[in-house]
């Protein structure tokens with residue numbers, strides 16, 4: 467389906483239309499040099515935690531070490547939703563739905579049963595808080611544990627994650643935090659990473675160049691290191707295909723055994739209509755069971 471582009475005056479962005487009544491991403495200069503996906507208005511989006519101070523800047527709640535992970539579990543999830551960017555016209559209304567869908571999947575899927583999930587959304591989705599949460603998670607996990615890191619939000623042109631205070635969590639910093647957790651959980655554990663952001667394939671490239679134990683990780687990204695991801699207002703397009711269709715909807719269960727591997731998810735995403743928009747990137751073992 468052809469993506470028509472319409473010039474947007476603010477920051478020189480472009481807006482492509484043509485899917486489910488229209489979706490959009492932002493690209494181009496401005497905003498401290500970062501880019502990402504942005505929607506047309508979706509229905510009934512609630513900004514649950516956003517707050518501005520008198521100067522228009524975000525007031526974030528700093529995460530205190532030791533107050534996130536409270537239970538002794540064998541699976542953990544850190545779910546990041548960066549949808550509200552105060553002071554910019556680039557909020558992502560699909561992000562709130564993405565977080566809800568991921569949470570619902572983790573709560574209801576037997577593979578992730580009992581997972582302790584922590585969400586950082588909007589003003590709490592700062593670089594400092596995300597790194598603190600990852601560090602605390604590394605202190606909590608033990609050998610054999612399973613970990614999911616999920617991010618939905620803007621991505622910079624170099625693949626960095628653009629946090630809601632507009633600070634950037636670099637690919638290198640994310641790699642260091644994730645591999646520290648991977649080293650702790652060891653070969654008997656697993657770290658799964660899902661990124662629904664523009665240029666997110668850069669993380670796969672970085673892991674491919676630097677990581678020597680790929681069997682401990684699964685990374686799925688919405689696109690390559692040179693592509694946009696898309697927000698359709700009621701979800702990120704990638705998250706919709708991954709969670710709502712491939713996993714919850716069981717569309718990826720090609721052999722109908724009620725168990726969905728990474729390879730089955732990848733095969734579904736790359737053969738579905740999603741492939742006409744983006745090139746999903748995969749790193750790690752295809753045999754890991756996701757749902």
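Numbering (our numbering), first residue to last: 467 to 757.
The beta carbon of each residue, even a glycine, is placed where N, CA and C say it ideally should be.
Predicted model only: the values in this text are computed from it and were never measured.
Hey, how far is the Cα of residue i from the Cα of residue j?
i	j	result
residue 600	residue 565	18 Å
residue 791	residue 550	As shown, the chain starts at 467 and ends at 757. That puts residue 791 outside it, with no answer to give.
residue 545	residue 579	16 Å
residue 504	residue 559	Its pLDDT being 37, under 50, residue 504 is placed unreliably by the model, and the measurement read from it follows with that caveat. The straight-line gap from Cα to Cα measures roughly 8 Å.
residue 608	residue 651	5 Å
residue 624	residue 606	31 Å
residue 541	residue 658	11 Å
residue 563	residue 699	9 Å
residue 662	residue 740	13 Å
residue 679	residue 712	27 Å
residue 590	residue 748	28 Å
residue 552	residue 630	8 Å
residue 653	residue 554	43 Å
residue 707	residue 742	13 Å
residue 581	residue 617	17 Å
residue 660	residue 584	15 Å
residue 649	residue 639	15 Å
residue 752	residue 674	15 Å
residue 534	residue 577	22 Å
residue 670	residue 738	21 Å
residue 572	residue 724	16 Å
residue 586	residue 681	28 Å
Is it right to say residue i is buried, meaning 16 or more other beta carbons lie within 10 angstroms of its own, or is it exposed?
i	result
residue 755	exposed
residue 722	exposed
residue 497	The predicted model places residue 497 with a pLDDT of 36, which falls under 50 and marks its position as unreliable, so this point remains unresolved.
residue 570	exposed
residue 676	exposed
residue 588	buried
residue 701	buried
residue 622	buried
residue 595	buried
residue 668	buried
residue 746	buried
Please report the Cβ distance between residue i and residue j, rounded to the nearest whole angstrom; I am assuming they are in contact, meaning their Cβ atoms lie under 8 Å.
i	j	result
residue 683	residue 641	About 10 Å; that fails the 8 Å criterion.
residue 603	residue 647	6 Å
residue 709	residue 719	Wrong, their Cβ atoms sit about 14 Å apart, outside the cutoff.
residue 628	residue 619	6 Å
residue 744	residue 689	4 Å
residue 593	residue 633	4 Å
Report yes if the CB atom of residue i is closer than 8 Å to the CB atom of residue j, and no otherwise.
i	j	result
residue 636	residue 665	no
residue 561	residue 548	yes
residue 567	residue 736	no
residue 750	residue 728	yes
residue 575	residue 757	yes
residue 611	residue 655	yes
residue 615	residue 644	yes
residue 694	residue 717	no
For chain C, is any of its Cβ atoms less than 8 Å away from the one on residue i?
i	result
residue 640	No chain C appears in the structure shown, which is made up of a single protein chain.
**Item:** Continuous beta strand (DSSP E) assignments of at least 3 residues falling wholly in the region 595-642
**Value:** 612-618
**Request:** Let me know the beta strand (DSSP E) ranges lying completely inside the region 654-712, each 3 residues or longer, listed in chain order.
**Result:** 656-662, 683-687
**Contiguous alpha helix (DSSP H) assignments of at least 4 residues, all confined to the region 720-748** = 728-737
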